[in-house]
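One structure is given here, and the rest of the page talks about it.
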Amino acid sequence: MYSKIRVFGSDDCDRCKVYLPALEKANIEFVYIDAEADENDELCDEHEIDELPVTQVLVDGEVLGELVGPIQPDFLIKWQKDLTCEKK
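Going by the working numbering, the letters in the sequence shown line up with residues 657 to 744, in that order.
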């Protein structure tokens, strides 16, 4: 079972400018999707990304959870673990 964190953000998003470095400082691995990049328009539309940042937890490619806004790193780690355990 494979779990990953995906974060939609943009360089113009003030909350993203604080949130992303906080995740990096906490050594949380995540995939960053630039919501303003043309090549990500379809993915953003598919997931109805309107506000930033958006954090998703995916298990085996399926989105099991999504939260809008910055999340405390310790909560994010627990949330990912809980969602992954629920999927088993």
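C-beta: ideal position from N, C-alpha, C; glycine also. Predicted, not measured: the structure shown is a model, and the values here were computed from it.
One Cα belongs to GLU718, the other to MET657, and the distance between them is close to 11 Å.
In the displayed model, ASP690 falls within a strand according to three-state DSSP. In this structure, the CA atom of VAL687 is about 22 Å from the CA atom of LYS744. Secondary structure note for LYS673: its alpha helix (DSSP H) is the uninterrupted segment 670-681.
Setting aside the 5 residues that flank it on each side, ILE727 is surrounded in the same chain by THR711, each with a C-beta closer than 7 Å to its C-beta; the list follows chain order.
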